[in-house]
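Only one structure is covered here, and it is reproduced in the block below.
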Ligand code: BGC
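Residue numbers (the working numbering): 16 to 467.
And the structure:
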């Protein structure tokens with residue numbers, strides 16, 4: 016047995032509510048902004064929506080079987096806020112809570128530890144109508160909702176995450192308009208970012224009033240490298256790093272705004288105010304890091320607002336979402352967190368890759384050698400970070416199932432388990448089998464080379 020992963024290391028996989036559940040309005044649930052966004056023509060590839068997705072709302076028991084077959088020790092999923100609170104605030108929906116309650120019980124029966132993300136991008140439409148994350152009250156709406164969840168699952172959920180990737184919500188949803196709510200304003204992006212931070216802080220405060228587990232934040236990190244040694248490219252990479260990597264972590268873990276951010280936002284810039292700053296910076300139990308790729312950045316005046324755009328590196332492998340496969344970046348990202356922010360316990364809360372898999376499956380298994388190699392190389396990179404002293408507590412593959420990949424709809428597959436969306440038939444991919452071996456051997460299987 017490999018001794019390099021801590022004994023109680025969590026081997027997990029992750030999903031999110033809108034991406035897998037389907038049945039968005041079932042059992043008294045309210046619509047979310049993602050339901051609306053997906054139902055607005057032109058927003059999603061092929062006009063796909065999350066109406067059925069992986070039908071997990073009805074097939075969750077089968078999906079827990081798949082988790083057990085892989086041997087998962089943990090499962091990270093998100094709650095749909097509008098299933099729990101159809102209006103976003105006020106009266107909880109017993110059927111919505113009951114769905115998650117049954118899922119959590121079943122996970123425990125199978126020895127799988129739940130990690131619950133409170134917000135993975137789907138905001139109740141009723142709150143969107145009140146301005147969504149632009150409304151200063153959004154922080155207390157979120158804290159009230161978080162409290163409903165903390166109470167409902169007290170004693171059964173030990174690991175909580177407040178927000179998933181707030182940077183993507185602000186940048187993709189409010190600045191570039193490619194994600195819900197589909198706005199395009201730098202002023203809104205700055206406000207949304209501030210309120211997301213405030214919401215995180217407010218939820219942690221509520222959690223601390225009746226602590227019953229651990230709470231963290233999930234961010235996506237990408238080391239930013241300059242495309243050339245030129246001063247302009249180096250400065251571009253530094254701006255991109257401030258905007259994507261430090262924008263949320265500096266206020267949360269250092270208590271101050273990231274250097275360079277005010278310049279990037281220009282007159283749209285809004286900093287946190289006094290009391291909020293302390294609430295946002297309060298102690299966290301862990302940080303979740305989602306890692307997919309690095310960014311090689313070149314100076315580009317037309318790239319709004321960071322004046323830096325990503326360039327492709329010749330000779331490197333890229334995934335179907337056009338992300339460079341760069342496992343060393345994972346080691347670097349984890350070590351960077353330790354060096355910059357100190358020894359906070361870390362989880363890799365997402366890591367994985369989209370490569371083309373067939374839509375329909377003939378046999379009992381799917382060969383996905385590129386994904387197998389991706390997982391091996393990234394898990395080795397995670398192990399290297401542990402060797403370098405990073406307090407890494409677990410790893411969650413993205414994703415358990417092929418699912419609704421946001422604006423790409425069902426055209427990009429990230430699953431360990433294949434989903435035939437026409438029949439809802441699940442089939443284990445070679446990467447699922449491989450991950451099972453890694454888990455079974457507690458990482459020792461990583462020492463055996465794989466073909467790619
Ligand atoms: C998100 C997931 C998404 C994945 C792949 C992350 O940014 O948290 O919801 O599916 O990346 O794009």
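We treat Cβ as the ideally placed atom computed from N, Cα and C, and that holds for glycine.
For clarity, every value in this text was computed on a predicted model and none was experimentally measured.
Taking the straight line between their C-alpha atoms, what separation do you get for residue i and residue j?
i	j	result
residue 506	residue 89	This structure gives no information on residue 506, because the portion of the chain shown stretches from 16 to 467.
residue 194	residue 137	10 angstroms
residue 378	residue 49	34 angstroms
residue 415	residue 168	23 angstroms
residue 20	residue 410	10 angstroms
residue 343	residue 450	20 angstroms
residue 329	residue 339	10 angstroms
residue 34	residue 291	32 angstroms
residue 420	residue 426	7 angstroms
residue 28	residue 243	36 angstroms
residue 184	residue 175	19 angstroms
residue 245	residue 115	52 angstroms
residue 388	residue 85	17 angstroms
residue 127	residue 304	20 angstroms
residue 87	residue 454	7 angstroms
residue 215	residue 233	10 angstroms
residue 55	residue 456	47 angstroms
residue 263	residue 65	28 angstroms
residue 149	residue 375	42 angstroms
residue 204	residue 332	32 angstroms
residue 294	residue 45	30 angstroms
residue 283	residue 315	20 angstroms
residue 276	residue 257	6 angstroms
residue 383	residue 366	16 angstroms
residue 227	residue 317	48 angstroms
residue 356	residue 373	42 angstroms
With burial defined as no fewer than 16 other Cβ atoms inside 10 Å of the residue's Cβ, what is the status of residue i: buried or exposed?
i	result
residue 181	buried
residue 129	buried
residue 141	buried
residue 26	buried
residue 327	exposed
residue 62	exposed
residue 80	exposed
residue 76	exposed
residue 68	buried
residue 39	buried
residue 177	buried
residue 371	exposed
residue 31	buried
residue 74	buried
residue 417	buried
residue 472	This structure does not reach residue 472, given that the chain is present from 16 up to 467, and the question cannot be answered.
residue 164	buried
residue 47	buried
residue 434	buried
residue 351	buried
residue 278	exposed
residue 11	Look at the range of the chain in this structure, 16 to 467, and you will see that residue 11 is not part of it.
residue 238	buried
residue 225	exposed
Could you give the first and the last residue of the continuous beta strand (DSSP E) run that contains residue i?
i	result
residue 176	174 to 179
residue 231	229 to 235
residue 305	301 to 305
residue 28	25 to 29
residue 7	Given a span of 16 to 467 for the chain in the structure shown, any question on residue 7 remains unanswerable.
residue 389	Counting along the chain, residue 389 falls outside any beta strand (DSSP E), though it belongs to the alpha helix (DSSP H) covering 384 to 402.
residue 3	No answer is possible for residue 3: it lies beyond the span of the chain, which begins at 16 and ends at 467.
residue 327	From DSSP, residue 327 is part of no beta strand (DSSP E); its letter is neither H nor E.
residue 363	361 to 365
residue 68	It is not in any beta strand (DSSP E) - residue 68 carries neither H nor E in the DSSP assignment.
residue 96	It is not in any beta strand (DSSP E) - residue 96 instead sits in the alpha helix (DSSP H) that spans 96 to 99.
residue 189	Neither: residue 189 is in no beta strand (DSSP E) and is coded neither H nor E.
For the alpha helix (DSSP H) containing residue i, list its first residue and its last residue.
i	result
residue 165	153 to 167
residue 216	201 to 224
residue 259	Residue 259 -> no alpha helix (DSSP H), and no H or E assigned at all.
residue 107	Per DSSP, residue 107 belongs to no alpha helix (DSSP H) and is neither H nor E.
residue 353	343 to 356
residue 293	289 to 295
residue 52	48 to 53
residue 276	276 to 280
residue 416	Note, residue 416: premise wrong, no alpha helix (DSSP H); not H, not E.
residue 33	32 to 35
Should the stretch 196 to 208 be regarded as contacting the stretch 218 to 227, the criterion being three or more beta carbon pairs within less than 8 angstroms? no
With a threshold of 8 angstroms, are at least 3 pairs of Cβ atoms found where one atom belongs to the stretch 87 to 102 and the other to the stretch 127 to 135? yes
With a threshold of 8 angstroms, are at least 3 pairs of Cβ atoms found where one atom belongs to the stretch 95 to 109 and the other to the stretch 157 to 165? At 8 angstroms Cβ cutoff, the stretches touch.
Could you check whether the stretch 342 to 359 touches the stretch 388 to 406, counting it as contact only if at least three pairs of C-beta atoms, one from each stretch, sit closer than 8 angstroms? The answer is yes - the stretch 388 to 406 touches the stretch 342 to 359, with three or more Cβ pairs under 8 angstroms.
Touching or not, the stretch 251 to 265 and the stretch 301 to 319, by the rule of three or more beta carbon pairs under 8 angstroms? yes
I want to know whether the stretch 439 to 447 touches the stretch 115 to 124 - three or more CB-CB distances under 8 angstroms. no
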